[in-house]
Amino acid sequence: MTSTVYGGDEINAIILDQGSYNTRIGYAGDDFPKIITSSYYGQLEDGNKIFGESINVPRPNLEIKPILKESVIIDWDAAIAQYQYFFNQLKIVQSDQPILVTEPIWTEPIYREKLVENFFENFDFSGFYLAKSPTCVSFQQGRPNCLVVDIGHDSVSVTPVIDGICLLKNSMKTNYGGRFLSNEIQDYLENKGVVIEPSFNIKSKILVKYPDMANYETKNITTTESFVDFQKQKIFHQFKEILEVPEKNSTKESPRLFELPTGQSIIIDRFKIAESIFEPTIYKFANEKLSFPACNGEIELNQANEYRPLKRVRKNDSNQSTPAPEVDVRGLTQLISHTLSTIDIDLRASLANNIIVTGGVSLISQLTDRLYIELSNNNPGLKIRLHAVGNSSDRINQAWIGGSVLASLGTFHQMWVTKEEYKEAGIDRILNQRFR
Ligand SMILES: Nc1ncnc2c1ncn2[C@@H]1O[C@H](COP(=O)(O)OP(=O)(O)OP(=O)(O)O)[C@@H](O)[C@H]1O
Ligand SMILES: [Mg+2]
1201 MTSTVYGGDE
1211 INAIILDQGS
1221 YNTRIGYAGD
1231 DFPKIITSSY
1241 YGQLEDGNKI
1251 FGESINVPRP
1261 NLEIKPILKE
1271 SVIIDWDAAI
1281 AQYQYFFNQL
1291 KIVQSDQPIL
1301 VTEPIWTEPI
1311 YREKLVENFF
1321 ENFDFSGFYL
1331 AKSPTCVSFQ
1341 QGRPNCLVVD
1351 IGHDSVSVTP
1361 VIDGICLLKN
1371 SMKTNYGGRF
1381 LSNEIQDYLE
1391 NKGVVIEPSF
1401 NIKSKILVKY
1411 PDMANYETKN
1421 ITTTESFVDF
1431 QKQKIFHQFK
1441 EILEVPEKNS
1451 TKESPRLFEL
1461 PTGQSIIIDR
1471 FKIAESIFEP
1481 TIYKFANEKL
1491 SFPACNGEIE
1501 LNQANEYRPL
1511 KRVRKNDSNQ
1521 STPAPEVDVR
1531 GLTQLISHTL
1541 STIDIDLRAS
1551 LANNIIVTGG
1561 VSLISQLTDR
1571 LYIELSNNNP
1581 GLKIRLHAVG
1591 NSSDRINQAW
1601 IGGSVLASLG
1611 TFHQMWVTKE
1621 EYKEAGIDRI
1631 LNQRFR
């Protein structure tokens, strides 16, 4: 365990980064989280909850449920129980350690209130801090001024960060991320008549090639629909790992053999699915239930906890480029270009030069190359520079790593909010003055 010493005090801060796919927990100052676990939990028939790897063991009445949606906790009991479970596993002595928790930029004030209250009331950490994910990413890169493009599971977001502070009014978010791709993959395979049977239920298989029918025997394990769906997500994840982004307007195909757990292989077109990161409406769903509603990336601002740190960010900036036409759906490039167009002209060049691309889906082959070309073409007056961490594990856990960097800064000790301070100052002041 790494510990940070400053001012004579030794602090082993805990960093907790909650994503809608994975949750990461570990110690400040470390290069990597100690625990990376699914943001889903298992609910047994008797009401008991299970966490970690054991949720992958099939049982007759085991329901698998999400803890978060769009990086926001939707099941508070499960969230608290999951954190407690892993804090115990790490043998964390709460009274000796402060905790930094990441949050997305689109949380409502009432949600933030609940989050802070839950941490102070259910746990006994010596201090607490709530940090915005893009701020953490900017610290991981040591770039206080940057544009953070996070292509995660439930969400794709673009956030300008200035002096480490997120400009919420200029930020954008859509849902065309990893889950969207999973739905496309499911639709693509089902529409071809491919059986998607997760590996836990496969007893034996004979290797065949599509269009030959899968030839396998199942174990006939009795479990729940939610368990099977959760296991299917692993197949879609493997499928995503071999995707490749095509060049713009390319008519080429990029065939690759993909083997399903049933032993059936199918030649898939890697371009076909990945293109939708840039053009979300290009893939036509056969099963409407799997499709996503149109989304132009604007965040409901009355819900966002807006903060403007600089006078420089003016509303009716006369230098601003002509507003982009109204659109229903924005792909990745349009989302970033639109954000850049709303940014104060003095900051625009610096942000265009410091675009950080992060999140699991950003690992898709050729994604950053295509993004660079499109952004450069769409913004001829700007010098575009993308920064994407080369190591894939670092990229997926970048917000956690940034939180680890942030909390180990020598100046950070004054940022922790203690229970006493929370009780004295009240939640509103803590939220508005300490966790901006
Ligand atoms: N190498 C890869 N290629 C393509 N997709 C990947 C790769 N690795 C992970 N993913 C996908 O990235 C998504 C997870 O990304 P990430 O870990 O950034 O999400 P998260 O932080 O848990 O969620 P959130 O969207 O709430 O931030 C999943 O959909 C996963 O399948
Ligand atoms: Mg994330």
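Heads up, the final residue of the sequence shown is numbered 1636 in our numbering, and it's a clean run with no missing numbers. Beta carbons: idealized from backbone N, C-alpha and C, even for Gly.
Check whether the Cβ atoms of residue i and residue j lie closer than 8 Å to each other.
i, j, result
"Y1241", "K1265", "yes"
"R1530", "N1577", "no"
"E1253", "T1424", "no"
"R1470", "E1444", "yes"
"I1280", "N1222", "no"
"I1365", "R1629", "no"
"F1320", "Y1622", "yes"
"Q1464", "V1408", "yes"
"I1645", "I1214", "Given that the chain is displayed from residue 1201 to residue 1636, the structure contains no residue 1645 and the question cannot be resolved."
"G1226", "T1618", "no"
"F1492", "N1375", "yes"
"R1312", "L1540", "no"
"F1436", "S1382", "yes"
"F1325", "Q1294", "yes"
"L1330", "V1394", "no"
Considering only the alpha carbon of each residue, which of the options lies closest to residue i?
i, options, result
"S1562", "L1315, H1353, K1269", "H1353"
"Q1289", "T1237, P1304, L1330, S1593", "T1237"
"E1270", "S1357, Y1410, V1361", "S1357"
"F1251", "Q1218, D1231, Y1285", "Y1285"
"K1472", "D1387, V1257, I1627, F1339", "D1387"
"R1570", "K1249, F1427, N1449", "N1449"
"A1607", "Q1297, I1627, E1620", "Q1297"
"G1247", "T1542, S1454, A1278, A1625", "A1278"
"T1542", "L1381, L1347, S1382, V1272", "L1347"
"K1332", "D1350, G1610, V1394, E1479", "D1350"
"N1212", "S1382, Y1483, I1536, A1228", "A1228"
"P1411", "L1389, L1490, F1232, I1255", "L1389"
"V1361", "H1613, N1554, G1626", "N1554"
"I1273", "N1420, E1245, S1239", "S1239"
"N1322", "S1592, L1551, S1454, F1287", "F1287"
"S1592", "L1216, D1217, F1232", "F1232"
By a C-beta neighbour count over all protein chains shown, 10 Å radius and 16 as the cutoff for buried, is residue i buried or exposed?
i, result
"T1415", "Just to set this straight, residue 1415 is Asn in the shown sequence, not Thr. Exposed is the call here."
"W1276", "exposed"
"R1595", "buried"
"T1451", "exposed"
"Q1503", "With a pLDDT of 44 at Q1503, under the threshold of 50, the predicted position of this residue should be treated as unreliable, and no value is reported."
"M1413", "exposed"
"E1397", "buried"
"P1334", "buried"
"I1467", "exposed"
"V1257", "exposed"
"G1610", "exposed"
"A1494", "exposed"
"E1620", "exposed"
"Q1633", "exposed"
"G1219", "buried"
"E1536", "First, the residue type needs correcting, since residue 1536 is Ile and not Glu in the sequence shown. Buried, since its Cβ has 16 or more Cβ neighbours within 10 Å."
"G1377", "buried"
"Q1243", "buried"
"T1418", "exposed"
"I1556", "buried"
"I1482", "exposed"
"Q1186", "In the structure as shown, the chain starts at 1201 and stops at 1636, and residue 1186 therefore has no counterpart that could be examined."
"Q1431", "buried"
"D1544", "buried"
Write down the C-beta distance between residue i and residue j rounded to the nearest angstrom, noting that I regard them as a contact closer than 8 Å.
i, j, result
"T1462", "I1402", "6 Å"
"R1224", "N1597", "6 Å"
"L1582", "R1548", "7 Å"
"A1474", "N1391", "With 8 Å as the limit, A1474 and N1391 do not qualify as a contact, their Cβ atoms being about 17 Å apart."
"T1558", "V1337", "5 Å"
"I1499", "K1373", "5 Å"
"P1260", "T1422", "5 Å"
Is it the case that the CB of residue i approaches a heavy atom of ligand 3 more closely than 7 Å?
i, result
"S1562", "By its list of ligands, the structure shown excludes ligand 3, since it contains just ligand 1 and ligand 2."
Original post:
Are there three or more Cβ pairs, one per stretch, closer than 8 Å when the segment 1586-1601 is compared with the segment 1330-1344?
Top reply: Yes: at least three Cβ pairs fall under 8 Å.
Can we say the segment 1602-1615 touches the segment 1295-1312, given the rule of at least three CB pairs closer than 8 Å?
-> Here the segment 1602-1615 makes contact with the segment 1295-1312; the two share three or more CB pairs at distances below 8 Å.
Would you check if there are 3 or more beta carbon pairs closer than 8 Å linking the segment 1436-1447 to the segment 1556-1574?
-> Enough Cβ pairs lie closer than 8 Å, so yes.
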